[in-house]
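Participant: Number 108 in the UniProt record's numbering belongs to position 108 of the sequence shown; there are no gaps in the numbering.
Even glycine gets a Cβ: it sits at the ideal position worked out from N, Cα and C.
Here the structure is a predicted model, which means the values were calculated and not measured.
Here's a structure for you.
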Amino acid sequence: MLEPGAEVLRLPVVGQEYMPGLEGPQRPEIREKLKQYGKAISGNREEALQRLRDFSNDEAEWLSLFQPKLKRKRGEHTSRMTLSRKRIEDTFGAAEQTATYKSKKGADRTQRTLVDKDRAANTSWAKAVFSAFGMAADFSCAPSLPKRRQTQMPVQHDEVSRGGDLAPAEPQQFGSLHEMESFAVRMRRVERNVLSVRDDIYNIEGNINNVTAHLMDLKSLVRNEHCPTLSTPAPSVDHPSPHHNQAPMPVHAAQLEVQVSSLMPSSGQSVSSALRSMPRNPIHSHKLGIALLDGERFEYDKTQVPEPPMIHLSRDIDRLCKEWESSNLLCVGGRGIPVKYWGEFYKRGKGVKNTAWDALRVEWGNWKFIAEERQHYPDTTSFWRAFSDRNGKRFSYQQILNCIADQRISAATQDANDACTFFDGNLDHPLAQGAFRYTKGGKSYVSSKDDAVAKKWRELLATRPDISSRVLAAQSSSQ
Numbered sequence: 001m002l003e004p005g006a007e008v009l010r011l012p013v014v015g016q017e018y019m020p021g022l023e024g025p026q027r028p029e030i031r032e033k034l035k036q037y038g039k040a041i042s043g044n045r046e047e048a049l050q051r052l053r054d055f056s057n058d059e060a061e062w063l064s065l066f067q068p069k070l071k072r073k074r075g076e077h078t079s080r081m082t083l084s085r086k087r088i089e090d091t092f093g094a095a096e097q098t099a100t101y102k103s104k105k106g107a108d109r110t111q112r113t114l115v116d117k118d119r120a121a122n123t124s125w126a127k128a129v130f131s132a133f134g135m136a137a138d139f140s141c142a143p144s145l146p147k148r149r150q151t152q153m154p155v156q157h158d159e160v161s162r163g164g165d166l167a168p169a170e171p172q173q174f175g176s177l178h179e180m181e182s183f184a185v186r187m188r189r190v191e192r193n194v195l196s197v198r199d200d201i202y203n204i205e206g207n208i209n210n211v212t213a214h215l216m217d218l219k220s221l222v223r224n225e226h227c228p229t230l231s232t233p234a235p236s237v238d239h240p241s242p243h244h245n246q247a248p249m250p251v252h253a254a255q256l257e258v259q260v261s262s263l264m265p266s267s268g269q270s271v272s273s274a275l276r277s278m279p280r281n282p283i284h285s286h287k288l289g290i291a292l293l294d295g296e297r298f299e300y301d302k303t304q305v306p307e308p309p310m311i312h313l314s315r316d317i318d319r320l321c322k323e324w325e326s327s328n329l330l331c332v333g334g335r336g337i338p339v340k341y342w343g344e345f346y347k348r349g350k351g352v353k354n355t356a357w358d359a360l361r362v363e364w365g366n367w368k369f370i371a372e373e374r375q376h377y378p379d380t381t382s383f384w385r386a387f388s389d390r391n392g393k394r395f396s397y398q399q400i401l402n403c404i405a406d407q408r409i410s411a412a413t414q415d416a417n418d419a420c421t422f423f424d425g426n427l428d429h430p431l432a433q434g435a436f437r438y439t440k441g442g443k444s445y446v447s448s449k450d451d452a453v454a455k456k457w458r459e460l461l462a463t464r465p466d467i468s469s470r471v472l473a474a475q476s477s478s479q
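Shown next as structure tokens:
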């Protein structure tokens, strides 16, 4: 029951009735309602309330809530008008406000309400188009059309050979247009697959060429260094050999084969390791690049670095873990570069391929997560046992990444809690020696995020024996 004298306004938004037992609406509440409905909020309480009553009684005006917002033009004012503006309106009348949509080209497109005549014209035009192309009026079974669509049928050779005029195309001849367009879509898919296969072939050819070049260099090196010592002595002029016109003795060939085979790398050695000792031409200073590979200083020519291999190791996790540590997918200066060191050649700071790392960075980072996680397990079987479901089915590439991310988040949370527990909730403890502090904008702050705290905590355990010993003692006493 409403209290006597209470006033209820019917508004287009649900839940606008005033609850019984409350005082009448105050001016701020009325102004808030008027602001929601786009009405003027000036005046005292009675004027604002009367404006809200008028809007409540005029349901036709409620449609203004669903119209596009009026676009202001140059010269329009929402507050008090200037004297010149008043004189212009007194002379020529007020400008009519139209609802327009914002255009990217700077032109105003005025919204116009369609009348029955416009709807009938549009309907007849659509039906004419559908019938001309042999489509159903509801467009139910027609496939989606490509952006580039041929609108004319090809000329038939038998019609041209007749010598007569070509008859206008009948509507039923366009019935096969969809089949042609569907065939074109399939051909484009085949073309994309062919391009992908061609790229794979180019990568294989590039690897073969690299191996061939390395073998040729090794062959020339062996010939230059050891062939003079294996050459057959020239026959004496005074005592010519009776076999000087014959082929070399088989024993010489056997000796050559034995000595050359001893120079080749054994089955346990890689070809790239044998090529590291080959003499190289000096590299100019502006072309010289330096990379640290397993703690070894590797010099290379920046201009000879190939494009990144177009390969997706995410399709084969086992191969990814092998190629991460030892790989010949990328060869620089006759040396196979493991996948984990690709960033040493393609990052922007290296000045080799400025845009290559942008396309490779995210995928390489995901490879890094999986390869480092694989190193935590003794063998491949235990790794897949951890990343398989109850039925023994291996997780997909994305599922493995999600599991690793969840594990890292939980590990960071646990390490951060351990750090806070050790320092009694004060990460700025004197024993920490400011390890959890960082500087930003010239000011010093204490780390609060779990991943940052966990990283600093692991560094403390690795570099501070006094802290690590106390942690081990606390763990042993709690067990």
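1) Determine the direct distance from the alpha carbon of serine 182 to that of glutamine 407, and round the result to whole angstroms.
2) Straight-line CA distance for valine 260 to valine 211?
3) For glutamate 296, write down the residues that DSSP places opposite it in a beta bridge.
4) Determine the direct distance from the alpha carbon of tryptophan 384 to that of serine 477, and round the result to whole angstroms.
5) Looking at C-alpha atoms only, which residue of Ser444, Glu47, Ile290, Lys33 is the closest neighbour of glutamate 344?
6) Spatial neighbours of leucine 360 within its chain, please: CB distance less than 6 Å, with the 5 preceding and 5 following residues excluded, ordered by chain position.
7) Counting C-beta neighbours from all protein chains within 10 Å, is the total for proline 338 16 or more, i.e. buried, or is it exposed?
8) Here's the rule: buried if 16 or more other CB atoms are within 10 angstroms of the residue's CB, otherwise exposed. What is serine 447?
9) Can you check whether the CB of glutamate 373 is closer than 8 Å to the CB of isoleucine 404?
10) Residues in the same chain with beta-carbon distance under 8 Å from phenylalanine 423, minus the five sequence neighbours each way, listed in chain order, please.
11) Rounded to whole angstroms, how far is the Cβ of asparagine 328 from the Cβ of asparagine 203, which I believe are closer than 8 Å?
12) Classify proline 279 as buried or exposed, calling it buried when 16 or more other Cβ atoms lie within 10 Å of its own Cβ.
13) Nearest-angstrom Cα distance between arginine 85 and lysine 35?
14) For valine 471, which residues from the same chain have a beta carbon less than 7 Å from its beta carbon, with the 5 sequence-adjacent residues on both sides left out?
15) Kindly indicate which three-state DSSP category aspartate 301 falls into: helix, strand or coil?
16) For the ligand MG, is there any heavy atom lying closer than 7 Å to the beta carbon of arginine 408?
17) Relative to the C-alpha of cysteine 331, which residue among Lys302, Asp318, Trp357, Asn402 is closest?
18) Quick check: the Cα distance between aspartate 318 and tryptophan 357, rounded to an integer number of angstroms?
19) Just verifying my parser: in three-state terms, what is the DSSP assignment at isoleucine 41?
20) When the distance is taken between beta carbons, is phenylalanine 133 closer than 8 Å to leucine 63?
21) Considering only residues of the same chain and omitting the five flanking positions on each side of tyrosine 445, which have a CB-CB separation below 8 Å?
22) Using the DSSP secondary-structure output, state which residues sit across from lysine 127 in a beta bridge.
23) At least one CB of chain B closer than 8 Å to the CB of glutamine 375: is that the case?
24) Just to confirm the assignment, what range does the alpha helix (DSSP H) spanning lysine 340 have?
25) Assign proline 4 to one of two classes, buried (16 or more other C-beta atoms within 10 Å of its C-beta) or exposed (fewer than that).
26) Just checking my contact of leucine 52 with isoleucine 30 at CB under 8 Å: how many whole Å lie between their CB atoms?
27) Per DSSP, threonine 439 is paired with what?
Facilitator: In short:
1) 47 Å
2) Any reading at valine 260 is ruled out, since the residue's pLDDT is 39, under 50, leaving its predicted position unreliable.
3) Leu293
4) 35 Å
5) Ile290
6) Pro308
7) buried
8) Taking every protein chain shown into account, the CB of serine 447 has 16 or more other CB atoms within 10 angstroms, so this residue is buried.
9) yes
10) Cβ neighbours of phenylalanine 423 beyond the five flanking positions: His429, Leu431, Ala432.
11) In this structure asparagine 328 is not in contact with asparagine 203, their Cβ atoms being roughly 12 Å apart against a cut-off of 8 Å.
12) Because the pLDDT of proline 279 is 48, which lies under 50, any placement of that residue in the model is unreliable, and the number read from its coordinates should be weighed accordingly. That one is exposed.
13) Distance between the alpha carbons of arginine 85 and lysine 35: 26 Å.
14) For valine 471, where only same-chain residues beyond five positions count, the Cβ hits under 7 Å are Phe422, Leu461.
15) strand
16) Of ligands this structure carries none, so the ligand MG is not represented either.
17) Lys302
18) 24 Å
19) coil
20) no
21) Arg437, Tyr438, Thr439
22) Listed as beta-bridge partners of lysine 127 by DSSP are no residues whatsoever.
23) Protein chains in the displayed structure number just one, and chain B is not present.
24) Looking at the DSSP string, lysine 340 is not in any alpha helix (DSSP H), and its letter there is neither H nor E.
25) Exposed is the call here.
26) 6 Å
27) Ser444
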